[in-house]
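Structure first, commentary second.
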Amino acid sequence: MRVGKVSQLDISPLLAEDISSLIQPMTFAFDDDAFVHLGQQKMGPPGYDDGSFLTEYAINNGDSKAFKLVADGQPVGAFIVWWNPNGTSVLGNIFVDPAYQGKGIGTQAWAYIEQHFPTLTWRLDTPNWSTRNHRFYEQKCGFIKVDEQREGVIYEKSY
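Numbering-wise (the working numbering), the sequence shown opens with residue 20 and increments by one.
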């Protein structure tokens, strides 16, 4: 079920106590992508559907910066970055609950990242079959495909 227009998006640091409220949006986001592109009911990185992915990479990894996305008071997504202001930074993960996709939330999240984490180059990888992700990164965020491997596509954006 899609929601209507989002009137307010809050972006704030992701804390350990936020993880339980983000399990469902993360699970829905990855499973929806797998279903749309591959016809599979469930698919995502290890721990995407039980909170352990966010715990490992957003909370326990001292090098990452993680933020939650809250639309009209509802947790709808998050992102994790590894920031190197003088070199190449990595967008490690970004997800938005499919019910909230198409509302500009991902684009606003990317604008926040660019504003708060200036760097020389951003880099990310995404599954080669996830053409929705490709369109988002290329058309909404300005990334350029720099490599395609067996399992994924590598994107970069330089300034």
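For glycine and all other residues, C-beta sits at the position ideal for the given N, C-alpha and C.
Residues that residue i bridges to, as DSSP identifies them
i	result
Phe49	Phe49 pairs with nothing; no bridge assigned.
Ser177	Thr140
Lys96	Note on identity: in this sequence residue 96 is Gly, with Lys being the wrong assignment. DSSP lists Leu88 and Val115 as partners of Gly96.
Ser83	Trp101
Val172	Thr145 and Glu167
Where residue i falls: helix, strand or coil (DSSP)
i	result
Pro32	strand
Pro65	coil
Trp102	coil
Gly111	strand
Ser40	helix
Val55	helix
Residue closest to residue i, alpha-carbon to alpha-carbon, out of the options
i	options	result
Ala35	Phe49, Phe72, Lys61 and Arg169	Phe72
Ile113	Gln158, Gln134 and Gln127	Gln127
Leu139	Asp116, Val109 and Asp166	Val109
Val95	Asp82, Pro117 and Glu175	Pro117
Gln93	Ser31, Trp102 and Glu75	Ser31
Residue i burial status per 10 Å Cβ neighbour count (16 or more: buried)
i	result
Ser39	exposed
Ile163	exposed
Val165	exposed
#### Entry: In chain order, each beta strand (DSSP E) run of at least 3 residues that lies wholly inside the region 138-170
140-146 and 163-167
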